[in-house]
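In our numbering, the protein residues as written are 217 to 528. Every residue gets a Cβ at the ideal spot worked out from N, C-alpha and C, and that includes glycine. Remember, it's a predicted structure, so these values are computed and weren't measured experimentally.
Given below as structure tokens:
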């Protein structure tokens with residue numbers, strides 16, 4: 217495989233802007249482009265995007281007019297993944313590497329079905345405190361990507377390992393913060409655990425990361441919700457444990473106390489959230505295994521009540 221020179225993003229949210237701006241700064245503006253529908257492309261041409269108050273240099277291409285990408289990055293909300301797959305159809309060629317920055321534990325499966333599992337490098341984005349308002353993004357911690365591929369010996373797995381090596385070469389070359397994981401599925405579940413504890417909790421408490429950090433008024437509720445993920449993960453064959461829980465409590469404590477999880481930002485903007493990818497999905501898996509998750513269910517119901525109020 218040739219080295220990665222052309223990168224395309226689908227989704228200009230917080231992570232898309234932050235990582236797109238970083239890569240464009242390292243590789244040149246012509247190396248990074250976002251793909252969007254006509255409306256979003258026209259709006260970007262008029263308004264642009266800003267990262268920490270500086271204009272971003274990447275471009276945007278209307279879907280259907282893009283060339284095949286070397287690296288394709290999905291950075292949409294989970295509720296927009298189906299639309300994103302349609303936008304990206306012309307971006308994927310035989311050697312395109314694909315990563316997903318989406319929350320939850322299912323986006324890689326969706327992308328594998330759409331484009332072939334051999335293209336997919338499993339990815340977890342963590343440790344960032346980015347907040348987006350309109351086309352402006354502010355962050356103090358960029359965080360990192362945890363990347364890896366599931367274990368296996370088939371042809372698809374071998375191709376995935378080639379894509380993993382390729383993206384590691386890119387990240388090393390531009391000093392992009394990342395860690396290569398031996399057990400990427402455990403890492404994905406660990407991040408999902410953090411999201412289940414933090415995102416819906418911050419939304420219902422109308423709080424910030426500080427609300428959820430050690431000593432914060434919502435800390436106990438967040439930890440209770442995170443703890444409920446562990447037995448479900450174990451029942452699903454994933455070795456999640458108390459060590460992982462403490463690691464992610466420590467990560468939470470390292471974030472900007474004034475920053476806000478994405479679902480809190482959704483609540484402020486009266487946008488429908490990804491609660492189905494977090495609490496909803498955990499509740500379904502817990503029921504399958506006969507495991508009680510009362511905190512997760514309580515928080516889920518409160519989020520649904522808040523969202524029902526949007527229509528009033």
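Whole angstroms are fine: how far does the CA of residue j sit from the CA of residue i?
i           : j           : result
residue 330 : residue 431 : 44 Å
residue 332 : residue 464 : 31 Å
residue 448 : residue 338 : 21 Å
residue 423 : residue 458 : 25 Å
residue 279 : residue 262 : 18 Å
residue 477 : residue 270 : 23 Å
residue 268 : residue 232 : 14 Å
residue 526 : residue 369 : 49 Å
residue 509 : residue 520 : 17 Å
residue 518 : residue 254 : 36 Å
Which same chain residues end up closer than 6 Å to residue i when comparing Cβ atoms and leaving out the 5 residues on each side of it in sequence?
i           : result
residue 404 : 321 and 340
residue 272 : 237 and 265
residue 277 : 249 and 251
residue 482 : 489
residue 228 : 250
residue 542 : The structure shown does not extend to residue 542, since the chain is modelled only from 217 to 528, so the question has no answer here.
Does DSSP put residue i in a helix, a strand or coil?
i           : result
residue 357 : coil
residue 219 : coil
residue 312 : coil
residue 288 : strand
residue 477 : coil
residue 430 : coil
Leaving out five residues before and five after residue i in sequence, what residues of the same chain have Cβ atoms less than 7 Å from its Cβ?
i           : result
residue 455 : 402
residue 397 : 362, 363, 364 and 403
residue 357 : 343, 344, 345, 471 and 472
Within the same chain, show all residues whose beta-carbon is closer than 8 Å to that of residue i, passing over the 5 residues directly before and after it, in chain order.
i           : result
residue 516 : 416, 491, 495, 496 and 499
residue 461 : 409, 439, 442, 443 and 446
residue 377 : 365
Would you kindly check if the distance between the Cβ of residue j and the Cβ of residue i is under 8 Å?
i           : j           : result
residue 290 : residue 336 : no
residue 319 : residue 484 : no
residue 323 : residue 297 : yes
residue 475 : residue 425 : yes
residue 311 : residue 221 : no
residue 224 : residue 282 : yes
residue 507 : residue 420 : no
residue 502 : residue 347 : no
residue 429 : residue 468 : yes
residue 245 : residue 274 : yes
residue 217 : residue 382 : yes
residue 284 : residue 309 : yes
For residue i, which residues does DSSP report across the bridge?
i           : result
residue 435 : None; residue 435 has no bridge partner.
residue 396 : 363
residue 276 : 250
residue 225 : 250 and 289
residue 342 : 360
residue 267 : 270 and 353
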